[in-house]
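Reviewing the structure listed below.
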Amino acid sequence: MKLNLLKNIYREFFRIRTIEEDLAKNYNDQKMRCPVHLSSGQEAVAAVFSNIVKKRDFAVSTHRGHAHYLAKGGNLNKMIAEIYGKEDGCSSGKGGSMHLIDLDVNFMGSTAIVGNSMPIGVGLGLSLKIKKQKGLSFVFLGDGAVESGVFYEALNFAAVKKLPVIFICENNLYSVYSSLEVRQPKNRKIYKLAREIGIKSEHCDGMDSLKIYKCLKRTISETRRGKGPQFIEFSTYRWREHCGPNYDNDIGYRTLKEFEFWKKKDPLSKLKKLILKKSPGQKKSLINIELSIKKEVKESFQRAKNMNFPKKSSLFKDVYAK
Ligand SMILES: Cc1ncc(C[n+]2csc(CCOP(=O)(O)OP(=O)(O)O)c2C)c(N)n1
Ligand SMILES: [Mg+2]
Numbered sequence: 007m008k009l010n011l012l013k014n015i016y017r018e019f020f021r022i023r024t025i026e027e028d029l030a031k032n033y034n035d036q037k038m039r040c041p042v043h044l045s046s047g048q049e050a051v052a053a054v055f056s057n058i059v060k061k062r063d064f065a066v067s068t069h070r071g072h073a074h075y076l077a078k079g080g081n082l083n084k085m086i087a088e089i090y091g092k093e094d095g096c097s098s099g100k101g102g103s104m105h106l107i108d109l110d111v112n113f114m115g116s117t118a119i120v121g122n123s124m125p126i127g128v129g130l131g132l133s134l135k136i137k138k139q140k141g142l143s144f145v146f147l148g149d150g151a152v153e154s155g156v157f158y159e160a161l162n163f164a165a166v167k168k169l170p171v172i173f174i175c176e177n178n179l180y181s182v183y184s185s186l187e188v189r190q191p192k193n194r195k196i197y198k199l200a201r202e203i204g205i206k207s208e209h210c211d212g213m214d215s216l217k218i219y220k221c222l223k224r225t226i227s228e229t230r231r232g233k234g235p236q237f238i239e240f241s242t243y244r245w246r247e248h249c250g251p252n253y254d255n256d257i258g259y260r261t262l263k264e265f266e267f268w269k270k271k272d273p274l275s276k277l278k279k280l281i282l283k284k285s286p287g288q289k290k291s292l293i294n295i296e297l298s299i300k301k302e303v304k305e306s307f308q309r310a311k312n313m314n315f316p317k318k319s320s321l322f323k324d325v326y327a328k
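Residues are numbered in the numbering used here as their position in the sequence shown, beginning at 1, plus a constant of 6.
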């Protein structure tokens with residue numbers, strides 16, 4: 007892979023990681039009053055995705071959607087302001103971390119209801135097909151969403167109508183505190199389930215940027231050429247607690263050994279090592295990338311903290327069901 011592409015992936019990856027970790031650092035100030043589901047540890051798929059997706063493509067996501075919003079080109083200042091509940095937020099400060107949307111870049115929304123964005127993403131795929139427009143619809147989902155009824159409906163409809171939809175399942179082994187073993191039959195693979203529903207489907211290591219790139223690139227180019235929907239299951243792992251800024255390895259639903267096994271796979275440091283091995287002279291350039299991102303993110307937090315809350319008079323604005 008060309009050095010420039012590797013650096014672009016690194017830039018996006020470092021940016022997402024910095025934002026998630028700064029959210030964690032600032033959360034205990036009690037100024038963000040919405041729940042946050044951080045993706046630290048499992049951001050590699052989003053970082054690579056950002057370097058392949060086109061602006062005209064649609065994307066929808068889940069409660070753990072910061073990385074997807076950013077990777078699709080969502081506005082950082084509006085996301086941080088939203089999480090602080092401020093009027094300049096991408097949902098005018100009324101949605102919080104789990105209701106991100108940026109129509110300027112076709113990020114069509116994330117929702118808190120597990121599985122709920124899948125039919126929206128499929129509907130967007132249908133609209134592209136009916137209007138004969140170029141573009142794809144990307145649906146991000148977690149392994150837990152596979153247990154919702156709408157999973158089958160969404161995949162079935164996309165398969166029958168041969169829609170330009172790509173389902174990206176980030177399997178981080180857990181739904182809240184329940185591991186896959188207690189939720190889904192032993193030895194049943196998620197990607198095989200999708201295949202049985204009638205969608206071309208594969209599994210990929212979600213902790214290796216190069217493998218992710220190859221897999222996404224091939225899949226996306228096939229669907230762009232009209233080959234119908236696809237499903238990719240990426241194996242990955244979240245570092246922090248299900249919801250909130252802390253680590254929760256003390257509460258017993260997963261072992262420290264398991265956590266450390268996955269932590270060692272950190273795809274961000276792996277990518278940095280790869281770039282420096284390929285071209286040791288890049289050290290300074292990577293440091294500069296890191297410094298400018300840290301500055302951008304710091305300013306964004308400062309900006310959000312200084313903003314106004316939505317006015318009382320805007321309470322019923324943008325509300326569709328009264
Ligand atoms: C329909 C529905 N059921 C249950 C919940 C509670 N809930 C919130 S997040 C979550 C876990 C979902 O797991 P997964 O899809 O694997 O995503 P992850 O949190 O691992 O990213 C659950 C069960 C919900 N929000 N919506
Ligand atoms: Mg999960």
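Just so it is clear, CB atoms sit at the ideal spot from N, CA and C, and this is done for glycine as well. Keep in mind the model is a prediction, meaning the values are calculated, not measured.
How many Å lie between residue i and residue j at the Cα?
i	j	result
K37	Y90	6 Å
G131	V171	6 Å
K100	P316	8 Å
G258	E187	15 Å
L109	Y33	27 Å
T117	C249	15 Å
S98	K300	25 Å
N83	P191	42 Å
I107	S320	18 Å
V128	K223	20 Å
E27	I295	17 Å
F146	K318	34 Å
W268	W245	8 Å
S154	C210	22 Å
I'd like the list of long-range same chain contacts for residue i, defined as Cβ closer than 6 Å, with 5 residues on each side in sequence excluded.
i	result
I126	V66
F113	A65, Y75, K78, G80
D94	A87, M313
Please find out if some non-hydrogen atom of ligand 2 comes closer than 8 Å to the beta-carbon of residue i.
i	result
D1	There is no way to answer for residue 1, as the model of the chain reaches only from 7 to 328.
G150	yes
S181	yes
Assuming contact is defined by CB atoms lying nearer than 9 Å, are residue i and residue j in contact in what I supplied?
i	j	result
L260	Y180	One detail in the question is off: residue 260 reads as Arg in this sequence, not Leu. In contact: R260 and Y180 (Cβ atoms closer than 9 Å).
F237	F163	no
A50	S215	yes
A151	T68	yes
N177	F240	yes
S45	R70	yes
I22	A52	yes
K92	A310	yes
V111	I218	no
L29	P251	yes
S285	L9	yes
P273	F20	no
Please confirm whether any heavy atom of ligand 1 lies closer than 8 Å to the CB of residue i.
i	result
E176	yes
N57	no
H69	yes
S154	yes
H209	no
R230	no
R244	yes
V120	yes
H74	no
H248	yes
Beta-carbon within less than 8 Å of residue i's beta-carbon, same chain only, minus the 5 sequence neighbours each way: which residues are those?
i	result
L282	Q288, K289, L292
L262	N255
L169	V128, G131, L132, L134, K135, S143, F163, G234, P235
Against chain C, does residue i count as a neighbour if the rule is that its beta carbon must be under 9 Å from one of theirs?
i	result
N14	You won't find chain C in this structure, because it holds only one protein chain.
Compute every distance between the C-beta of residue i and the non-hydrogen atoms of ligand 3, then say whether any falls below 8 Å.
i	result
L147	Summarising the ligand content, the structure contains ligand 1 and ligand 2 and does not contain ligand 3.
Using a Cβ-Cβ cut-off of 7 Å (strictly less than) and excluding sequence neighbours within five positions of residue i, which residues of its own chain qualify?
i	result
F157	G121, M124, A151
The stretch 132-150 contacting the stretch 51-70, beta-carbon criterion three pairs below 8 Å: yes
Given 8 Å, three or more beta-carbon pairs between the stretch 232-248 and the stretch 195-210: yes
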